[in-house]
Amino acid sequence: MTYTVLARCPRTGHVGIGIATYSICVGQYCDGLQSRVGATMTQAFVNQGNNGLALRLLAQGFAPARIIDELGLNDPYHDYRQIAVIDREGGVAAFTGPKTRGWAGHRIGDGCVAFGNVLAGPNVVEAIAAGYAADPDAPLERRLLRALESGRDAGGQRGAQGHLTERSAALRVFSDFDYADLDLRVDLHDHAVDELRRCFEEYEPYRAYYRERGRNPHDAVPQDVFVARLKASKAEARA
Amino acid sequence: MTFSIIGRCARTGRLGLGITTFSLAVGGRCEGVKANVGICKTQAFPNRGNDPLGVTLLAAGYAPARVMAMLAANDPDHDWRQIAIMDREGNIAAHTGSNTRGWSGHATGSDCVAFGNGLVGPAVLDGLIAGFLDDPTAPLEFRLMRALEGGRDAGGQGTATQHKPERSAAIKVVDRLDYPDIDVRVDVHPTAVQELRRVLEEYKRYEVFYRERGRDPAHAIPQDVFAAQLEAAQR
């Protein structure tokens, strides 16, 4: 019971993930991204060692399809996993184990994988892929967020008792560094995708400020001054 | 304007970080927590490269004091940073740059270092450490949580006349595996420490279920069934 978009932006080479699920604190499992190396995610019944191993194999030059085979050979419960792998050139492979539950599947697009399990149906992964593809010129994080919202709007997750709400969600993007460019999470919420959008829009105006005050602290204004300016410019925009 | 604690559980060797601040999504800037290696956390005006570099140096075998000296030598703006480093044996180095703003400082206690800037005063560090030491038999994540609550209750961020709320918070604990044992976050919230307590308590109810369904999927019950059992048990 999770739906995810994993992607590499062909313009910038940035890699990212957008994920939403009924499980709480899902962001903690999204440790499969590395700048200029690639992106991977294992979900459904998670083997938490997979992401680290797959990243190391990507760094060594193994192809995504070969990496999924290798993860399979390393794991007696491979059939319970759902896995996507993208390399630094946008090469993609995905696997939906036959023992993942509910409607489960993946759809491979241009440098992206939409995949999920315990979903309302195949239209959910179709919608995620379409949401991602809708505006190729947009920044990767906005494409990922839109993909998640499309998955939500297409029905999202459905268990035996009907629709399952998104209780956690996460958005992560890596560009060139050893740390994430963007790393946002909603860990426990009744409508985590909506809340992730709220957090993103709230955080977005701060991003450049946070980056620059670290790079050039001499010229940084205090954050309360920055917040006051932000409020003033928002009020001006409304007027 | 941030207050943080890094700590080590002497019983288990687990390492962890608790952090809260007025800034948004602070948990997304805590990559310097590495199992079997140690912790490096830079705040105030952070050099984002410091934490990955710091844990790489720890992994290479450098002592925290030497890592700190190397970070200083690598960064013309070291005076603007506040940094705490702990290796897997609990050895500590801490630095509060002279250009960090507001009341800033660090203090060490048994198996921990508390550090912060833009605080109401040194009592916040005392509150962090007292919270951490309150129950040494508790799991590390709860000791870190108590520490953050102790710092908050001692006044947290701001000045004598103006309090600044905690808008984001995070706790991360690593043990022996590549990925964290505990990794909970609140990114945008008016009272983030309180909300982090709520998230942590809820996550702890699921922790074993999540771990075991991955390790032994053939015997895992569906999560909606598990959630219903949890609710029934609570009633």
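Protein sequence lines, in the order shown, are assigned to chains A and B.
Our numbering puts the first residue of the first sequence at 1, with every later residue one more than the last.
Our numbering puts the first residue of the second sequence at 1001, with every later residue one more than the last.
We put the CB at the ideal spot given by N, CA and C, even for glycine.
Keep in mind the model is a prediction, meaning the values are calculated, not measured.
Legend entry - C-alpha distance - ALA220/A paired with ARG213/A, whole-angstrom precision: 5 Å
Inset, instruction - Run down chain B in chain order and give the residues with a C-beta less than 9 Å from the C-beta of ASN117/A. - result: Per Cβ cutoff of 9 Å: no residues; ASN117/A is ~11 Å from chain B at best.
Legend entry - Span of the beta strand (DSSP E), counted from its first residue to its last, around GLN1082/B: 1081 to 1087
Inset, instruction - Might you give, ordered along the chain, the residues of its own chain that have their beta carbon closer than 8 Å to the beta carbon of ARG1146/B, omitting 5 neighbours on each side? - result: GLY1131, PHE1132, ASP1134, ASP1135 and ALA1138
Inset, instruction - Could you tell me the distance, in whole angstroms, from the CA atom of LEU188/A to the CA atom of ALA1025/B? - result: 15 Å
Inset, instruction - Please classify GLU166/A: is it buried, with 16 or more other beta-carbons within 10 angstroms of its beta-carbon, or exposed? - result: Around the Cβ of GLU166/A, a 10 Å sphere holds 16 or more other Cβ atoms; the residue is buried.
Inset, instruction - Let me know if VAL225/A comes out buried or exposed under the rule of 16 or more other beta-carbons within 10 Å of its beta-carbon. - result: exposed
Legend entry - Extent of the continuous alpha helix (DSSP H) run through SER175/A: Looking at the DSSP string, SER175/A is not in any alpha helix (DSSP H), and its letter there is neither H nor E.
Legend entry - Cutoff 8 Å: LEU1024/B Cβ touching any chain A Cβ: yes
Inset, instruction - Starting from the Cα of ASP1153/B, find the closest Cα among LEU1119/B, GLU1089/B and VAL1186/B and give me that residue. - result: LEU1119/B
Legend entry - Enclosing alpha helix (DSSP H) for TYR206/A [first to last residue]: 192 to 215
Legend entry - Backbone secondary structure at SER1168/B - three-state DSSP: strand
Inset, instruction - For the beta strand (DSSP E) containing ILE24/A, list its first residue and its last residue. - result: Per DSSP, ILE24/A belongs to no beta strand (DSSP E) and is neither H nor E.
Legend entry - Host alpha helix (DSSP H) of LEU1057/B (start-end): From DSSP, the alpha helix (DSSP H) with LEU1057/B extends over 1050 to 1059.
Inset, instruction - Quick one: using the 10 Å Cβ neighbour count with 16 as the cut-off for buried, is PHE177/A buried or exposed? - result: exposed
Inset, instruction - Alpha carbon to alpha carbon, how far is ARG1066/B from VAL193/A? Give it in angstroms, no decimals. - result: 44 Å
Legend entry - Cβ separation of ARG81/A and ASN51/A, assumed to be a contact under 8 Å, to the nearest whole Å: 11 Å between Cβ atoms; not a contact.
Inset, instruction - Could you round the C-beta distance between TYR3/A and LEU119/A to whole angstroms and report it? I think they count as a contact, below 8 Å. - result: 6 Å
Inset, instruction - State whether the region 118 to 135 of chain A contacts the region 71 to 90 of chain A, with contact taken as three or more CB pairs (one from each stretch) at a distance under 8 Å. - result: no
Inset, instruction - Output the distance between the C-alpha atoms of HIS1189/B and ARG1048/B, rounded to the nearest integer angstrom. - result: Cα to Cα, the separation comes out at about 23 Å.
Inset, instruction - Determine the contact status of GLY1155/B and VAL1193/B, defining contact as a CB-CB distance below 8 Å. - result: no
Legend entry - Buried versus exposed call for ARG1197/B [16 or more other C-beta atoms within 10 Å across all chains shown]: buried
Inset, instruction - At 4 residues or longer, and completely inside the region 30 to 108 of chain A: list those alpha helix (DSSP H) runs for me, N to C. - result: 49 to 60 and 64 to 73
Inset, instruction - Starting from the beta carbon of TYR210/A, find every residue of chain B whose beta carbon is closer than 7 Å, and list them in chain order. - result: SER1023
Legend entry - Proximal residues to ASP1178/B (C-beta, below 8 Å), its chain only, five neighbours per side dropped: ALA1035
Inset, instruction - In angstroms with no decimal places, state the Cα-to-Cα distance between GLY155/A and GLU149/A. - result: 10 Å
Inset, instruction - Return yes when the Cβ of LEU73/A is within less than 8 Å of the Cβ of ILE83/A, no when it is not. - result: no
Legend entry - Proximity test, Cβ basis, 8 Å: MET41/A and chain B: No, MET41/A lies away from the interface with chain B (no Cβ there is under 8 Å from its Cβ).
Inset, instruction - Count the other CB atoms, across all protein chains shown, that sit within 10 Å of the CB of LYS1164/B; report buried if there are 16 or more and exposed otherwise. - result: buried
Inset, instruction - Could you say which of ALA1218/B, PRO1076/B, ARG1143/B and ALA1072/B lies nearest to ILE1083/B if we only look at CA atoms? - result: With distances taken between Cα atoms, ILE1083/B lies closest to ALA1072/B.
Legend entry - Start and end residues, beta strand (DSSP E) containing GLN1043/B: Looking at the DSSP string, the run of the beta strand (DSSP E) that includes GLN1043/B is 1038 to 1044.
Legend entry - Residues of its chain near THR1191/B, where Cβ-Cβ distance is below 8 Å and the 5 sequence neighbours each way are ignored: PRO1165 and GLU1166
Inset, instruction - Could you tell me which chain A residues have their CB closer than 8 Å to the CB of MET1001/B, listed as they occur along the chain? - result: GLN223
Inset, instruction - Check the Cβ-Cβ distances between GLY1027/B and every residue of chain A, and say whether any is below 8 Å. - result: Yes, because at least one Cβ of chain A sits closer than 8 Å to the Cβ of GLY1027/B.
Legend entry - Closest Cα partner of VAL1186/B within the set ARG1213/B, TYR1062/B and LEU1200/B: LEU1200/B
Inset, instruction - From the DSSP output, in three-state form, read off GLN157/A for me. - result: strand
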